[in-house]
């Protein structure tokens, strides 16, 4: 099981490749929310999302990199593994479900990875990825059941709690759950008074329902928020969240769109839907956290053309 030592080791490892990301508060956003809100800007990572931390950590620790890797993702995890593979000279194949974000496909290919669109859902795509790894002998990298990925993601929370150990709560968006699991581990060791609250789209509630039911379940994916479009839960992050997560909030896609609009207008930040979900969760609980010090993680800024069109139409 991943622990704080693994996170701190990963922090030293990735410091050679990634600077710390900023965490700012914005007076207009604070006034709108009614709390002191700190935005952790993972949207400024070289891949535009937090997951690059996990990719670098995993590839750095991989003993047999020469055989290459295979992964599957709607986009940000794919970019993470592609970025780290280029960094370490590792052949990388990425499988994506149908109708992927063209901007994310282009970004993965620009990093030197191959992209193959296979499967109508992430569950189907995962099966194709397993088959490809079996045929080629490449190392299959899943999006969540990877302790090194969770340790790498945990470095953002190590940075957060080093800067603000007095936070009352942190809201974390959940697709596969690596971010929430990492936040739980870091908070327990570095900021035990800080509550960790997960946020997921009600249109894709697999992780939420699995946590509530204490069992891994699949759920239909009806969300338009790409980074949260996960129809199944993952055992490793669920095990951590089951022990340590304080609460789990479901929000609508419309709530997330409103949070995107607020981040753009009040914090000068273009967030993809998943990157705005944490703020949507805080807004859903604003009365409970009025006047408190709260962090929200803007996990990414990789909004594709269709998402940008929805956001502009909502302004």
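Residue numbers (full-length UniProt numbering): 1 to 315.
Heads up, the beta-carbon is just placed ideally off N, CA and C, and yes, glycines get one too.
Note that the structure is predicted; figures quoted are calculated from it, not measured.
Residue i, buried or exposed, once every other Cβ within 10 Å from all chains shown has been counted against 16
i: residue 242; result: exposed
i: residue 313; result: exposed
i: residue 146; result: buried
i: residue 213; result: exposed
i: residue 24; result: exposed
i: residue 193; result: exposed
i: residue 106; result: exposed
i: residue 122; result: buried
i: residue 296; result: buried
i: residue 1; result: exposed
i: residue 268; result: exposed
i: residue 316; result: Nothing in the structure corresponds to residue 316, since the chain is present only between 1 and 315.
i: residue 27; result: exposed
i: residue 288; result: exposed
i: residue 180; result: buried
i: residue 44; result: exposed
i: residue 99; result: exposed
i: residue 16; result: exposed
i: residue 222; result: exposed
i: residue 280; result: buried
i: residue 220; result: exposed
i: residue 205; result: buried
Backbone secondary structure at residue i - three-state DSSP
i: residue 195; result: strand
i: residue 145; result: coil
i: residue 127; result: helix
i: residue 93; result: strand
i: residue 140; result: strand
i: residue 304; result: coil
i: residue 229; result: coil
i: residue 234; result: coil
i: residue 218; result: strand
i: residue 174; result: coil
i: residue 80; result: helix
i: residue 180; result: helix
i: residue 71; result: strand
i: residue 204; result: coil
i: residue 224; result: coil
i: residue 169; result: strand
i: residue 295; result: strand
i: residue 155; result: helix
i: residue 160; result: helix
i: residue 316; result: Outside the modelled stretch of the chain, which goes from 1 to 315, sits residue 316, for which no answer is possible.
i: residue 6; result: helix
i: residue 15; result: coil
i: residue 315; result: coil
i: residue 63; result: coil
i: residue 122; result: helix
Whole-angstrom C-beta distance between residue j and residue i, which should lie under 8 Å
i: residue 78; j: residue 62; result: Going by Cβ atoms, the distance from residue 78 to residue 62 rounds to 17 Å, so no, they are not a contact pair.
i: residue 114; j: residue 144; result: Going by Cβ atoms, the distance from residue 114 to residue 144 rounds to 22 Å, so no, they are not a contact pair.
i: residue 200; j: residue 253; result: Not really, about 11 Å apart at Cβ, beyond 8 Å.
i: residue 387; j: residue 302; result: Beyond the ends of the chain as shown, which are 1 and 315, falls residue 387; an answer cannot be given.
i: residue 227; j: residue 299; result: 7 Å
i: residue 152; j: residue 275; result: 18 Å between Cβ atoms; not a contact.
i: residue 183; j: residue 170; result: 6 Å
i: residue 90; j: residue 59; result: 6 Å
i: residue 278; j: residue 260; result: Contact doesn't hold; Cβ gap of about 11 Å is too wide.
i: residue 233; j: residue 198; result: The pair is not a contact, with the Cβ atoms about 12 Å apart (cut-off 8 Å).
i: residue 154; j: residue 7; result: 4 Å
i: residue 216; j: residue 33; result: About 34 Å; that fails the 8 Å criterion.
Nearest candidate by alpha-carbon position, reference residue i, set the options
i: residue 185; options: 208, 175, 239; result: 239
i: residue 263; options: 31, 17, 12, 21; result: 31
i: residue 9; options: 1, 22, 42, 57; result: 57
i: residue 191; options: 163, 11, 266, 198; result: 163
i: residue 119; options: 72, 258, 101, 21; result: 72
i: residue 149; options: 225, 11, 111, 34; result: 11
i: residue 177; options: 90, 161, 288, 244; result: 244
i: residue 85; options: 74, 75, 99, 70; result: 70
i: residue 168; options: 36, 136, 22, 304; result: 36
i: residue 138; options: 66, 99, 273; result: 66
i: residue 126; options: 74, 156, 18, 33; result: 74
i: residue 159; options: 20, 136, 308; result: 20
i: residue 172; options: 310, 258, 40, 29; result: 40
i: residue 156; options: 309, 22, 130; result: 22
i: residue 196; options: 248, 112, 286; result: 248
i: residue 166; options: 294, 265, 83; result: 294
Any chain C beta carbon closer than 8 Å to residue i
i: residue 102; result: Going by chain labels, chain C is absent from the structure shown, which holds only one protein chain.
My parser needs the alpha helix (DSSP H) runs of 4 or more residues fully inside the region 239 to 293; what are they?
253 to 266, 273 to 284
Please go through the region 20 to 60 and give each complete alpha helix (DSSP H) segment of 4 or more residues, from N-terminal end onward.
27 to 33
Of all the alpha helix (DSSP H) runs that stay within the bounds of the region 94 to 119, which reach a length of 4 or more residues?
102 to 110
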